[in-house]
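Residue numbers for the sequence shown, in my numbering: 174 to 515. Glycine included, every Cβ here is placed at the ideal spot set by N, Cα and C. Encoded as structure tokens, the structure appears first; notes follow it.
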Amino acid sequence: MQKVTLGSTGITVNKNGFGALPIQRVSEENAVTLLRKAYGAGITYFDTARAYSDSEKKLGAAFGGGAFERGKLFIATKTMSFDVKGFWEQLATSLSLLKTDYIDVYQFHNPSFIPRPGDSSGLYDAMLEAKAQGKIRHIGITNHRLNLAVEAAESGLYETIQYPFSYLSTPEEEAFVNLCRERNVGVIAMKALSGGLITNSAAAYAYLAQFENVVPIWGVQRESELDEFIGYIDAPPALDDAMRATIAADKVTLGGDFCRGCGYCMPCPQGIEIPTMARMSLLLRRSPSANFLSDGFAANMEKITGCINCGNCTAKCPYSLDTPRLLRDNLKDYREFRAANA
174 MQKVTLGSTG
184 ITVNKNGFGA
194 LPIQRVSEEN
204 AVTLLRKAYG
214 AGITYFDTAR
224 AYSDSEKKLG
234 AAFGGGAFER
244 GKLFIATKTM
254 SFDVKGFWEQ
264 LATSLSLLKT
274 DYIDVYQFHN
284 PSFIPRPGDS
294 SGLYDAMLEA
304 KAQGKIRHIG
314 ITNHRLNLAV
324 EAAESGLYET
334 IQYPFSYLST
344 PEEEAFVNLC
354 RERNVGVIAM
364 KALSGGLITN
374 SAAAYAYLAQ
384 FENVVPIWGV
394 QRESELDEFI
404 GYIDAPPALD
414 DAMRATIAAD
424 KVTLGGDFCR
434 GCGYCMPCPQ
444 GIEIPTMARM
454 SLLLRRSPSA
464 NFLSDGFAAN
474 MEKITGCINC
484 GNCTAKCPYS
494 LDTPRLLRDN
504 LKDYREFRAA
514 NA
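Laid out in structure tokens, this is it:
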């Protein structure tokens with residue numbers, strides 16, 4: 174079993190973390206089954222967020238009430254609040270839904286700045302107070318912007334940083350992960366499958382296994398997905414020549430200006446489901462396409478024609494993508510693909 178210690182937290186877990194965003198989309202019964210199966214197989218790091226609708230509630234249903242030894246289970250959640258009042262309200266809600274007295278890693282959720290002690294927001298000072306009260310154990314931050322992630326690592330204020338990291342990452346992003354190692358900061362890798370565009374989970378796992386301070390949180394909503402990662406606990410895949418070839422080919426296909434599906438561009442005033450539609454060309458070729466070819470789905474894709482170029486999505490994109498152009502290009506490709514497969 175490959176293990177990793179998350180920086181100065183002292184939290185040591187195996188190389189698989191459970192990303193609990195997708196369990197929003199399954200019933201509570203199914204979510205509890207998945208979560209408990211993961212824990213039973215040796216996965217002990219679970220990441221959720223106040224913003225993930227009922228994800229915290231499902232984690233509480235799975236692990237709350239004293240049925241599991243709390244000291245062997247590590248729960249991370251997040252607050253998107255930008256004021257102190259909201260911080261305390263969200264923390265109280267998270268503790269209640271998770272049915273726990275404390276949160277192991279409490280994270281600022283993709284803020285547009287790095288909270289610091291004594292700044293005008295008061296947020297970091299609230300974190301320190303929550304830690305003094307025993308309601309949280311460690312202070313973390315998540316971000317999709319590399320410059321802010323680097324700033325957080327260099328600040329010395331954060332024990333963990335959650336950032337999108339996969340074999341599609343750039344050399345600059347690899348340098349960020351190495352900076353975190355040098356600064357004794359744990360890295361929690363979100364989007365390790367790049368929002369579903371990476372289809373070789375063994376290669377994804379083997380790539381991330383090279384980085385001793387990284388714990389990937391795999392987004393899981395199906396038992397078959399969970400079984401893949403459970404299988405890597407006792408038999409971790411090695412980064413062999415075949416995997417390197419897969420990674421090289423995917424970098425050519427997927428590298429550059431593609432939508433990662435993070436959803437920070439939403440909502441769209443025209444009702445366009447941007448995170449799906451802005452990467453439809455890739456989804457059609459890298460996942461079962463039948464679900465995308467129905468008349469109903471085609472009608473949703475045609476909403477792209479109603480784009481008013483308001484600029485909201487472009488302004489909010491952490492990757493500075495020209496989202497309206499991506500949408501138009503994907504609609505054109507979708508029409509051609511659907512006509513060819515009618």
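Name the DSSP beta bridge partners of M174, please? Indexing the sequence shown from 1 puts residue 174 at position 1. Partner(s): none; M174 has no beta bridge.
What's the call for V323, buried or exposed, on a 16-neighbour Cβ count within 10 Å? Taking the sequence shown and counting its residues from 1, one reaches residue 323 at position 150. Label assigned to V323: buried.
From Y492, P497 and P491, pick the residue whose C-alpha is nearest to that of G479; which is it? Within the sequence shown, residue 479 is the residue found at index 306, counting from 1. Comparing Cα-Cα distances from G479 to each of Y492, P497 and P491, the minimum goes to P497.
How many Å lie between A377 and E302 at the Cα? Here residue 377 refers to the residue found at position 204 when the sequence shown is read from its first residue. Here residue 302 refers to the residue found at position 129 when the sequence shown is read from its first residue. Distance between the alpha carbons of A377 and E302 is about 38 Å.
Using the Cβ count rule (16 or more neighbours within 10 Å means buried), how would you classify V186? Start at 1 with the first residue of the sequence shown, and residue 186 comes out as number 13. Buried, by the Cβ-count rule.
Can you say whether A463 is buried or exposed, counting buried as having 16 or more other CB atoms within 10 angstroms of its CB? Within the sequence shown, residue 463 is the residue found at index 290, counting from 1. So A463 counts as exposed.
The stretch 420 to 434 contacting the stretch 389 to 401, beta-carbon criterion three pairs below 8 Å: no
On the three-state DSSP scale, how would you describe M474? Translated into positions along the sequence shown, residue 474 becomes position 301. Of the three classes helix, strand and coil, the one that applies to M474 here is helix, per DSSP.
In the DSSP assignment, what are the bridge partners of G553? Not covered by the structure: residue 553. The range shown for the chain is 174 to 515.
Is it true that the CB of I312 sits closer than 8 Å to the CB of A325? Here residue 325 is taken as the residue at index 152 of the sequence shown, counted from 1. Here residue 312 is taken as the residue at index 139 of the sequence shown, counted from 1. Against a cut-off of 8 Å, the Cβ pair of I312 and A325 comes out as no contact.
Three or more C-beta pairs closer than 8 Å, one from the stretch 399 to 412 and one from the stretch 358 to 366: is that the case here? no
Taking Cβ positions, are F241 and V393 nearer each other than 8 Å? Residue numbering aside, residue 241 sits at position 68 when the sequence shown is read from its first letter. Residue numbering aside, residue 393 sits at position 220 when the sequence shown is read from its first letter. No, these two residues do not count as a Cβ contact at 8 Å.
Burial state of M174 (16 or more Cβ within 10 Å): The sequence position of residue 174 within the sequence shown is 1, counting from 1. M174 comes out exposed.
Within this structure, are the beta carbons of M253 and R223 separated by less than 8 Å? By one-based count along the sequence shown, residue 253 stands at place 80. By one-based count along the sequence shown, residue 223 stands at place 50. Against a cut-off of 8 Å, the Cβ pair of R223 and M253 comes out as a contact.
Closest to Q280 by CA distance: which of D292, K308, G291 and K272 is it? Here residue 280 refers to the residue found at position 107 of the sequence shown. Residue K308 is the option with its Cα nearest to Q280.
Would you identify the three-state DSSP class for Q335, choosing helix, strand or coil? The residue labelled residue 335 in the question sits at position 162 within the sequence shown. Q335: strand per DSSP, three-state reduction.
Within a Cβ cutoff of 6 Å, which residues of the same chain sit near V278, ignoring the five residues on either side of it in sequence? Numbered from its first residue, the sequence shown carries residue 278 at position 105. Within the same chain, V278 has close Cβ partners A249, H311, G313 and T333.
Look at the alpha carbon of L531 and the alpha carbon of R452, and state the distance between them as a whole number of angstroms. The requested residue 531 does not occur in the structure, where the chain is confined to residues 174 to 515.
Could you please give the first and the last residue of the uninterrupted alpha helix (DSSP H) stretch that includes K424? Taking the sequence shown and counting its residues from 1, the one referred to as residue 424 is at position 251. Where K424 is concerned, the enclosing alpha helix (DSSP H) stretches over D414 to L427.
Three-way DSSP call (helix, strand, coil) for V350 in this model: Along the sequence shown, read from residue 1 onward, the residue named residue 350 stands at position 177. Note: V350 maps to helix in three-state DSSP.
Go ahead and pull the three-state DSSP assignment for I312. Along the sequence shown, read from residue 1 onward, the residue named residue 312 stands at position 139. Strand.
Going along the chain, which residues of its own chain have a beta-carbon closer than 6 Å to the beta-carbon of N189, five neighbours each way excluded? Working through the sequence shown from its first residue, we reach residue 189 at position 16. Excluding positions up to five away in sequence, the list reads I216 and F402.
Could you spell out the range, first to last residue, of the beta strand (DSSP E) harbouring I184? Along the sequence shown, read from residue 1 onward, the residue named residue 184 stands at position 11. Premise fails: I184 is in no beta strand (DSSP E) and is neither H nor E.
Where do the N-terminal and C-terminal ends of the beta strand (DSSP E) with Y218 fall, by residue? For the purposes of this step, residue 218 is taken as residue 45 along the sequence shown, with counting starting at 1. Element bounds for Y218: Y218 to D220.
If you draw a straight line from the alpha carbon of V205 to that of L399, how long is it in whole angstroms? For the purposes of this step, residue 205 is identified with residue 32 of the sequence shown, where counting begins at 1. For the purposes of this step, residue 399 is identified with residue 226 of the sequence shown, where counting begins at 1. Their Cα atoms are separated by approximately 13 Å.
Burial state of A411 (16 or more Cβ within 10 Å): As a position in the sequence shown, residue 411 is number 238, starting the count at 1. When all chains shown are included, A411 counts as exposed.
Chain C within 8 Å of A224, Cβ atoms only: Looking at the structure shown, chain C is missing, and only one protein chain is on hand.
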